[in-house]
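Numbering (the UniProt record's numbering), first residue to last: 1 to 252. From the three backbone atoms N, C-alpha and C, an ideal C-beta is built for every residue, glycine too. In this text the structure is predicted, and so the values were computed from the model without any measurement. For reference, the structure is listed below as structure tokens.
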Ligand SMILES: NC(=O)c1ccc[n+]([C@@H]2O[C@H](COP(=O)([O-])OP(=O)(O)OC[C@H]3O[C@@H](n4cnc5c(N)ncnc54)[C@H](OP(=O)(O)O)[C@@H]3O)[C@@H](O)[C@H]2O)c1
């Protein structure tokens, strides 16, 4: 069975990636910090006939990243889903620099180290698929979060050009607003986001896996966010920045 490693598999998009990949016949390595949640999800997926390993690791630490990179190499994975992520509920300048450094490690260093490990096993084999969960925020000026996502979109596009001829494709997925635990964990109240802007984990993951299968460099799930992402790339930066403030009201 092809083996997929999914980071941030205990909730939201990562949990849905685990479920849809299992349904497509993949065995799994699931990564997140919460060992109890990982065990319970693994038990459910094993009941469906899949082999599931878990690695409890904090990807905002170098030790956590090293342990997951070792799993990528040891298990010689076929699919890497760099999904784990979060955001600070304040903008750079009002944030604590230690928290920013931990975010940079989680959002940039972790996916980079895991991609390096994945390339080490995928290139000699001549096959492999890498999916990096970015965001439509990558196309907007919106503090360090959007800068991290822009970094991974840019690197994914280049990697797809560089390594797809060797059989290793890289896709950057750019969702819009998705109903998950993300905003609650960030401590913000997203009630200023209109209902039509919300999407589901099911539709996002279904479209992203279809694009991953085709080896596309960029996957922007749902027609509405394809339009919004295009507008964001060509509209005046100040207007785009004003629009991108939605979903960041500090919760009372
Ligand atoms: N929701 C949205 O509107 C939205 C939009 C665009 C992009 N995204 C991106 O989608 C990805 C998934 O987010 P989500 O919306 O599904 O959020 P979520 O429901 O909060 O899930 C985040 C996942 O990441 C894991 N995680 C967080 N920090 C971690 C750390 N330091 N080390 C290891 N695992 C960690 C969490 O598990 P543990 O707590 O167990 O570690 C959890 O499984 C993120 O990269 C996010 O930036 C989300």
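Check	Outcome
Kindly identify the DSSP beta-bridge partner or partners of residue 82.	132
Roughly how many angstroms separate the alpha carbons of residue 165 and residue 130, rounded to a whole number?	14 Å
For residue 212, is the beta carbon positioned less than 8 Å from some heavy atom of ligand 1?	no
Let me know the secondary structure DSSP gives residue 193 once reduced to three states.	coil
With residue 63 as the anchor, note down where its alpha helix (DSSP H) starts and where it stops.	62 to 75
Taking C-alpha atoms, which residue in 59, 69, 35, 140 lies nearest to residue 116?	69
Take residue 92 and list the residues in its own chain whose beta-carbon comes closer than 7 Å to its own, dropping the five residues that flank it on each side.	100, 143, 144
Would you mind working out which of 241, 141, 102 sits nearest residue 63, comparing C-alpha positions?	102
What's the gap between the Cα of residue 238 and the Cα of residue 126?	44 Å
State the CB to CB distance for the pair residue 181 and residue 14, rounded to an integer number of angstroms; the pair is presumed to be in contact (CB under 8 Å).	About 10 Å; that fails the 8 Å criterion.
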